[in-house]
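Here's the structure we're looking at; comments come further down.
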Amino acid sequence: MNFLETKILSDGIIKQGDILKIDNFLNHQIDIRIIRQIAQELKQRFHDVAVDKILTIEASGIAIATMLDHLYDVPVVFAKKSETANSTDNKFVSQAYSFTHKQLNSVFVSKPYLNPSERVLIVDDFLADGQAVHALIDIVHQAGGEVVGIGIAVEKGQQKGGRLLREEGYRLESIAIIEEMDWEKQTIRFRE
Ligand code: 5GP
-16 MNFLETKILS
-6 DGIIKQGDIL
4 KIDNFLNHQI
14 DIRIIRQIAQ
24 ELKQRFHDVA
34 VDKILTIEAS
44 GIAIATMLDH
54 LYDVPVVFAK
64 KSETANSTDN
74 KFVSQAYSFT
84 HKQLNSVFVS
94 KPYLNPSERV
104 LIVDDFLADG
114 QAVHALIDIV
124 HQAGGEVVGI
134 GIAVEKGQQK
144 GGRLLREEGY
154 RLESIAIIEE
164 MDWEKQTIRF
174 RE
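Numbering (my numbering), first residue to last: -16 to 175.
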């Protein structure tokens, strides 16, 4: 079991509806030692990949992205979310249905922050159905950039996002992959 799986087992709380809460080290309170380990692990897994920019989505992805940036020394950009479809003036806009908030969000990045031909590493805290990551991929492609990798802290393998992204040919690295979670027993099984 790796450091993140161990931390999830000790501190994670499973909520009804297939939600894992890790608020005490990633999604509310931030344990910077764990974030540092996540960043180091992702850097190691993508050691052979040239990266011009790191792209994430607000809010919790930002902590991982900024720590990873410390290792890459490239700009970090985070996509912003909004409930309303904002004007597309000078923005790349996509849509993502939020699994946790049960609503459709517009996701956008201002055009000056993504450029054609840039090699973009996407990072996020959770991967569930893949809505957020697909919106980020769409935005990178609108900008004319290339997605060189997707780095995730926690993949919920019981949901379809990881399978879809791998089938689409993306290089996806998830540090902890959950195979199943049982809310009543509060048990989690990770992929080997
Ligand atoms: P997806 O877009 O892949 O369906 O869901 C990923 C996004 O939803 C992540 O950015 C994360 O914020 C949120 N999310 C999905 N499942 C969970 C979960 O079990 N726990 C937490 N804390 N966030 C989740």
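Even for Gly, the Cβ is constructed at its ideal location relative to N, Cα and C.
Please determine, among the options, the residue with the shortest C-alpha to C-alpha distance to residue i.
{"i": "G140", "options": "A126, G44, R172", "result": "R172"}
{"i": "Q125", "options": "P99, A111, I133", "result": "P99"}
{"i": "D108", "options": "I(-4), L9, D1, E(-12)", "result": "L9"}
{"i": "Q78", "options": "G44, A118, I47", "result": "A118"}
{"i": "R146", "options": "N(-15), D165, L110", "result": "L110"}
{"i": "D56", "options": "A22, I17, K(-2)", "result": "A22"}
{"i": "A62", "options": "K143, I13, W166, V106", "result": "V106"}
{"i": "L3", "options": "S65, L51, K(-10)", "result": "K(-10)"}
{"i": "I120", "options": "L38, Q20, Y80", "result": "L38"}
{"i": "K143", "options": "G134, G113, R19", "result": "G113"}
Who pairs with residue i in a beta bridge, going by DSSP?
{"i": "Y80", "result": "L87"}
{"i": "E138", "result": "L110, I160"}
{"i": "F61", "result": "T39"}
{"i": "I(-3)", "result": "L3"}
{"i": "I18", "result": "Partner(s): none; I18 has no beta bridge."}
{"i": "L104", "result": "I37, G132"}
{"i": "V92", "result": "F75"}
{"i": "R171", "result": "This sequence places Ile at residue 171; Arg is not what is there. Answer is M164, bridged to I171."}
Worksheet entry | Closer than 7 Å: residues whose CB approaches a heavy atom of the ligand 5GP | D1, I2, L3, K4, I5, N10, I40, S43, G44, A79, S81, F82, T83, D107, D108, F109, L110, A111, D112, G113, Q114, A115, V116, K139, Q142, G144
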